[in-house]
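Residue numbers (the working numbering): 2 to 251.
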Amino acid sequence: MWILSVYKTSPPDNRLRTDFCQALLLALDIVEQRYPPAVLITTSGIPKFYSNGLDLEHGTYTPHFFTESLYAVWRRLLCYPMPTVALLNGHAFAGALMTAMYCDYRIMNPHKGYLCLNEVELGAPLRPPMTSIFREKMAPHVYRKTALEAHRFKALDALKEGVVDALGRLPETLSFIDELKLVSKAQSGMSGRSVYIELKREMYRQSLQLLESFGEEDGREFARIAAERRDREAGERRIREWEGKAKAKL
2 MWILSVYKTS
12 PPDNRLRTDF
22 CQALLLALDI
32 VEQRYPPAVL
42 ITTSGIPKFY
52 SNGLDLEHGT
62 YTPHFFTESL
72 YAVWRRLLCY
82 PMPTVALLNG
92 HAFAGALMTA
102 MYCDYRIMNP
112 HKGYLCLNEV
122 ELGAPLRPPM
132 TSIFREKMAP
142 HVYRKTALEA
152 HRFKALDALK
162 EGVVDALGRL
172 PETLSFIDEL
182 KLVSKAQSGM
192 SGRSVYIELK
202 REMYRQSLQL
212 LESFGEEDGR
222 EFARIAAERR
232 DREAGERRIR
242 EWEGKAKAKL
(Lines of atoms letter the chains of each structure in order from A and count residues from 1; the text may use other names and numbers.)
(Lines give C-alpha, C1' and ligand atoms only; values in the text may rest on other atoms or scores of the structure.)
Protein backbone atom coordinates (compact mmCIF):
# COMPACT_ATOMS: atom_id res chain seq x y z
CA MET A 1 0.00 0.00 0.00
CA TRP A 2 1.11 3.54 -0.75
CA ILE A 3 -0.28 6.31 1.44
CA LEU A 4 -0.39 9.94 0.32
CA SER A 5 -1.02 12.15 3.34
CA VAL A 6 -1.22 15.85 2.43
CA TYR A 7 -1.03 18.49 5.13
CA LYS A 8 1.64 21.12 4.47
CA THR A 9 0.83 22.12 0.90
CA SER A 10 -2.42 24.00 1.55
CA PRO A 11 -2.97 24.66 5.27
CA PRO A 12 -5.03 24.99 7.36
CA ASP A 13 -7.73 22.97 5.58
CA ASN A 14 -6.22 21.51 2.38
CA ARG A 15 -7.98 23.87 -0.02
CA LEU A 16 -7.75 22.81 -3.65
CA ARG A 17 -5.37 25.37 -5.09
CA THR A 18 -2.74 25.13 -7.80
CA ASP A 19 0.13 24.26 -5.46
CA PHE A 20 -1.94 21.55 -3.77
CA CYS A 21 -3.04 19.99 -7.06
CA GLN A 22 0.44 20.10 -8.58
CA ALA A 23 1.97 18.49 -5.49
CA LEU A 24 -0.62 15.73 -5.66
CA LEU A 25 0.01 15.17 -9.38
CA LEU A 26 3.73 14.84 -8.71
CA ALA A 27 3.12 12.37 -5.89
CA LEU A 28 0.86 10.28 -8.13
CA ASP A 29 3.57 10.19 -10.79
CA ILE A 30 6.23 9.15 -8.28
CA VAL A 31 4.13 6.32 -6.86
CA GLU A 32 3.27 5.00 -10.32
CA GLN A 33 6.73 5.22 -11.87
CA ARG A 34 9.07 4.55 -8.96
CA TYR A 35 7.24 1.88 -6.96
CA PRO A 36 5.58 -1.46 -7.72
CA PRO A 37 1.80 -1.48 -8.25
CA ALA A 38 -0.29 -1.82 -5.10
CA VAL A 39 -3.13 0.27 -3.63
CA LEU A 40 -3.03 4.05 -3.29
CA ILE A 41 -4.59 5.64 -0.18
CA THR A 42 -5.14 9.40 -0.09
CA THR A 43 -5.75 11.05 3.27
CA SER A 44 -4.86 14.18 5.25
CA GLY A 45 -2.46 14.90 8.06
CA ILE A 46 -4.84 17.65 9.23
CA PRO A 47 -7.21 15.82 11.62
CA LYS A 48 -10.22 18.09 11.07
CA PHE A 49 -10.21 18.09 7.26
CA TYR A 50 -9.70 15.67 4.42
CA SER A 51 -10.11 18.88 2.43
CA ASN A 52 -12.38 21.91 2.66
CA GLY A 53 -12.84 22.03 -1.09
CA LEU A 54 -12.05 24.43 -3.87
CA ASP A 55 -10.63 27.88 -3.19
CA LEU A 56 -13.21 29.72 -5.30
CA GLU A 57 -11.25 32.98 -5.43
CA HIS A 58 -8.11 31.20 -6.55
CA GLY A 59 -9.92 28.99 -9.04
CA THR A 60 -11.77 31.89 -10.61
CA TYR A 61 -8.77 34.19 -11.05
CA THR A 62 -5.98 31.70 -11.81
CA PRO A 63 -5.50 31.05 -15.55
CA HIS A 64 -5.75 27.39 -16.59
CA PHE A 65 -6.46 26.24 -13.03
CA PHE A 66 -9.19 23.88 -14.12
CA THR A 67 -7.50 22.41 -17.18
CA GLU A 68 -4.00 22.03 -15.74
CA SER A 69 -4.63 21.48 -12.03
CA LEU A 70 -8.06 20.51 -10.71
CA TYR A 71 -9.38 18.50 -13.65
CA ALA A 72 -5.91 17.06 -14.19
CA VAL A 73 -6.01 15.61 -10.66
CA TRP A 74 -9.48 14.19 -11.16
CA ARG A 75 -8.57 12.65 -14.51
CA ARG A 76 -5.43 11.13 -12.99
CA LEU A 77 -7.33 9.61 -10.08
CA LEU A 78 -10.11 8.33 -12.31
CA CYS A 79 -7.67 6.48 -14.58
CA TYR A 80 -4.97 5.61 -12.08
CA PRO A 81 -3.41 2.20 -12.87
CA MET A 82 -4.04 0.80 -9.41
CA PRO A 83 -6.93 0.85 -6.90
CA THR A 84 -7.40 4.18 -5.13
CA VAL A 85 -8.95 4.65 -1.69
CA ALA A 86 -9.92 8.01 -0.18
CA LEU A 87 -9.52 7.74 3.59
CA LEU A 88 -11.79 10.55 4.77
CA ASN A 89 -10.31 11.41 8.15
CA GLY A 90 -12.39 14.60 8.56
CA HIS A 91 -14.65 17.00 6.68
CA ALA A 92 -14.85 16.76 2.89
CA PHE A 93 -16.83 19.65 1.43
CA ALA A 94 -17.67 20.54 -2.18
CA GLY A 95 -14.61 19.98 -4.39
CA ALA A 96 -13.11 17.71 -1.75
CA LEU A 97 -16.08 15.35 -1.97
CA MET A 98 -15.79 15.47 -5.75
CA THR A 99 -12.12 14.50 -5.46
CA ALA A 100 -12.99 11.60 -3.17
CA MET A 101 -15.66 10.43 -5.62
CA TYR A 102 -13.02 10.23 -8.33
CA CYS A 103 -11.27 7.59 -6.21
CA ASP A 104 -12.38 3.96 -6.50
CA TYR A 105 -13.34 3.56 -2.84
CA ARG A 106 -14.10 5.79 0.14
CA ILE A 107 -13.59 4.99 3.83
CA MET A 108 -14.94 7.51 6.36
CA ASN A 109 -13.92 8.25 9.93
CA PRO A 110 -16.90 7.02 11.99
CA HIS A 111 -16.41 9.64 14.71
CA LYS A 112 -15.57 12.86 12.89
CA GLY A 113 -16.48 14.86 9.82
CA TYR A 114 -19.24 15.62 7.34
CA LEU A 115 -19.46 14.97 3.62
CA CYS A 116 -21.29 17.75 1.81
CA LEU A 117 -21.77 19.25 -1.63
CA ASN A 118 -22.79 22.76 -0.59
CA GLU A 119 -22.66 24.67 -3.89
CA VAL A 120 -26.38 25.52 -3.63
CA GLU A 121 -25.57 27.39 -0.41
CA LEU A 122 -22.47 29.04 -1.87
CA GLY A 123 -24.27 30.14 -5.02
CA ALA A 124 -21.64 28.37 -7.11
CA PRO A 125 -22.65 26.46 -10.26
CA LEU A 126 -21.72 22.83 -10.70
CA ARG A 127 -19.91 22.31 -13.99
CA PRO A 128 -20.41 19.07 -15.98
CA PRO A 129 -17.18 17.36 -14.79
CA MET A 130 -18.22 18.17 -11.22
CA THR A 131 -21.60 16.42 -11.53
CA SER A 132 -21.04 13.45 -13.82
CA ILE A 133 -19.10 11.40 -11.30
CA PHE A 134 -21.99 11.64 -8.83
CA ARG A 135 -24.45 10.44 -11.48
CA GLU A 136 -22.19 7.48 -12.21
CA LYS A 137 -21.59 6.51 -8.59
CA MET A 138 -24.72 7.55 -6.66
CA ALA A 139 -28.33 6.46 -6.68
CA PRO A 140 -30.55 9.23 -8.14
CA HIS A 141 -32.28 10.06 -4.84
CA VAL A 142 -28.92 10.31 -3.07
CA TYR A 143 -27.56 12.58 -5.78
CA ARG A 144 -30.64 14.82 -5.45
CA LYS A 145 -30.16 15.01 -1.69
CA THR A 146 -26.47 15.77 -2.18
CA ALA A 147 -26.70 18.43 -4.92
CA LEU A 148 -30.05 20.15 -4.32
CA GLU A 149 -30.31 19.90 -0.53
CA ALA A 150 -26.62 20.28 0.42
CA HIS A 151 -27.19 17.40 2.82
CA ARG A 152 -24.43 16.92 5.36
CA PHE A 153 -23.74 13.21 5.55
CA LYS A 154 -22.51 11.84 8.84
CA ALA A 155 -20.67 8.55 8.76
CA LEU A 156 -23.56 6.12 9.27
CA ASP A 157 -25.76 8.08 6.87
CA ALA A 158 -23.03 8.11 4.23
CA LEU A 159 -22.55 4.36 4.56
CA LYS A 160 -26.28 3.66 4.37
CA GLU A 161 -26.67 5.75 1.20
CA GLY A 162 -23.60 4.24 -0.47
CA VAL A 163 -21.60 7.46 -0.50
CA VAL A 164 -18.79 5.60 1.27
CA ASP A 165 -17.89 1.93 1.17
CA ALA A 166 -16.92 1.42 4.80
CA LEU A 167 -16.24 3.22 8.07
CA GLY A 168 -12.94 3.32 9.89
CA ARG A 169 -9.47 4.74 10.10
CA LEU A 170 -6.21 3.39 8.73
CA PRO A 171 -6.36 -0.09 10.39
CA GLU A 172 -9.89 -0.64 9.09
CA THR A 173 -8.86 0.68 5.68
CA LEU A 174 -6.02 -1.83 5.48
CA SER A 175 -8.42 -4.60 6.49
CA PHE A 176 -10.87 -3.45 3.79
CA ILE A 177 -8.10 -3.57 1.19
CA ASP A 178 -7.03 -7.01 2.35
CA GLU A 179 -10.59 -8.36 2.38
CA LEU A 180 -11.21 -7.25 -1.21
CA LYS A 181 -7.72 -8.41 -2.27
CA LEU A 182 -7.21 -5.05 -3.93
CA VAL A 183 -3.43 -5.28 -4.17
CA SER A 184 -3.78 -8.22 -6.53
CA LYS A 185 -6.09 -6.21 -8.79
CA ALA A 186 -3.24 -3.86 -9.66
CA GLN A 187 -1.05 -6.70 -10.91
CA SER A 188 -0.86 -8.16 -14.40
CA GLY A 189 -3.59 -10.66 -15.22
CA MET A 190 -3.34 -14.06 -16.89
CA SER A 191 -2.75 -12.32 -20.22
CA GLY A 192 0.44 -10.82 -18.84
CA ARG A 193 -0.89 -7.27 -18.76
CA SER A 194 -2.91 -5.11 -16.39
CA VAL A 195 -6.23 -3.82 -17.72
CA TYR A 196 -7.13 -1.76 -14.65
CA ILE A 197 -6.92 1.56 -16.51
CA GLU A 198 -8.96 0.29 -19.47
CA LEU A 199 -11.68 -1.05 -17.17
CA LYS A 200 -12.01 2.25 -15.33
CA ARG A 201 -11.96 4.29 -18.52
CA GLU A 202 -14.90 2.29 -19.82
CA MET A 203 -16.80 2.31 -16.51
CA TYR A 204 -16.57 6.07 -16.19
CA ARG A 205 -16.44 7.00 -19.87
CA GLN A 206 -18.77 10.00 -19.53
CA SER A 207 -16.82 11.59 -16.68
CA LEU A 208 -13.54 11.07 -18.51
CA GLN A 209 -14.89 12.63 -21.70
CA LEU A 210 -16.24 15.62 -19.79
CA LEU A 211 -12.95 16.16 -17.98
CA GLU A 212 -11.15 16.18 -21.30
CA SER A 213 -13.64 18.31 -23.24
CA PHE A 214 -14.94 20.82 -20.72
CA GLY A 215 -11.65 22.01 -19.26
CA GLU A 216 -11.11 24.86 -21.69
CA GLU A 217 -14.81 25.76 -21.70
CA ASP A 218 -14.86 25.94 -17.91
CA GLY A 219 -11.76 28.10 -17.97
CA ARG A 220 -13.52 30.54 -20.27
CA GLU A 221 -16.66 30.47 -18.13
CA PHE A 222 -14.79 31.32 -14.95
CA ALA A 223 -12.82 34.00 -16.78
CA ARG A 224 -16.15 35.53 -17.81
CA ILE A 225 -17.38 35.41 -14.21
CA ALA A 226 -14.16 37.07 -13.05
CA ALA A 227 -14.51 39.80 -15.68
CA GLU A 228 -18.11 40.47 -14.66
CA ARG A 229 -17.03 40.72 -11.04
CA ARG A 230 -14.29 43.20 -11.91
CA ASP A 231 -16.81 45.25 -13.88
CA ARG A 232 -19.21 45.32 -10.92
CA GLU A 233 -16.42 46.34 -8.55
CA ALA A 234 -15.33 49.12 -10.93
CA GLY A 235 -18.94 50.28 -11.20
CA GLU A 236 -19.28 50.32 -7.42
CA ARG A 237 -16.15 52.47 -7.13
CA ARG A 238 -17.49 54.92 -9.69
CA ILE A 239 -20.83 55.15 -7.88
CA ARG A 240 -19.14 55.79 -4.53
CA GLU A 241 -16.95 58.45 -6.09
CA TRP A 242 -20.03 60.11 -7.61
CA GLU A 243 -21.94 59.88 -4.32
CA GLY A 244 -18.98 61.43 -2.49
CA LYS A 245 -18.88 64.37 -4.90
CA ALA A 246 -22.66 64.80 -4.65
CA LYS A 247 -22.51 64.95 -0.85
CA ALA A 248 -19.65 67.46 -0.98
CA LYS A 249 -21.83 69.87 -2.98
CA LEU A 250 -24.59 69.84 -0.35
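The C-beta atom is built at its ideal place from N, Cα and C for all residues, glycine as well.
{"Item": "Whose C-beta lies closer than 6 Å to the C-beta of T44 among residues of the same chain, with five residues either side of it excluded?", "Value": "S6, L88 and N90"}
{"Item": "Below 8 Å between beta carbons: does that hold for V74 and I108?", "Value": "no"}
{"Item": "By alpha-carbon positions, which one of Y72, P64, F94 and P13 ends up nearest to L25?", "Value": "Y72"}
{"Item": "Can you tell which of C22, E33, G114 and A235 has the C-alpha that lies nearest to the C-alpha of L157?", "Value": "G114"}
{"Item": "Could you check where the beta strand (DSSP E) with V86 kicks off and where it finishes?", "Value": "T85 to L89"}
{"Item": "Counting only the same chain and skipping the five closest in sequence on each side, list residues whose C-beta sits under 8 Å from that of S176.", "Value": "G169"}
{"Item": "Within 10 angstroms of the Cβ of L200, are there 16 or more other Cβ atoms? Answer buried if so, exposed if not.", "Value": "exposed"}
{"Item": "List the whole-angstrom C-beta distance separating R128 from F215, where the pair is believed to meet the contact cut-off of C-beta under 8 Å.", "Value": "6 Å"}
{"Item": "Alpha carbon to alpha carbon, how far is D232 from C104? Give it in angstroms, no decimals.", "Value": "39 Å"}
{"Item": "Verify whether the separation of the beta carbon atoms of F66 and D14 is less than 8 Å.", "Value": "no"}
{"Item": "Along the chain, where does the beta strand (DSSP E) containing M109 start, and where does it finish?", "Value": "Y106 to M109"}
{"Item": "Rounding to the nearest angstrom, what Cα-Cα distance links M139 and E150 in this structure?", "Value": "15 Å"}
{"Item": "How many Å lie between Y36 and P84 at the Cα?", "Value": "14 Å"}
{"Item": "On the DSSP letters alone, give me the boundaries of the beta strand (DSSP E) that H254 sits inside.", "Value": "The question about residue 254 has no answer here: the residues shown for the chain are numbered 2 through 251."}
{"Item": "Near T174, which residues of its chain fall below 7 Å by C-beta distance, leaving aside the five closest residues on each side in sequence?", "Value": "I42, V86, L88 and I108"}
{"Item": "Taking 8 Å as the threshold (C-beta atoms), are T19 and S70 in contact?", "Value": "yes"}
{"Item": "Using alpha carbons as the reference points, say which of P111, N119, Q34 and V196 lies closest to A95.", "Value": "N119"}
{"Item": "Compute the beta-carbon to beta-carbon distance between R202 and L209, rounded to the nearest angstrom, for a pair I have assumed lies under 8 Å.", "Value": "6 Å"}
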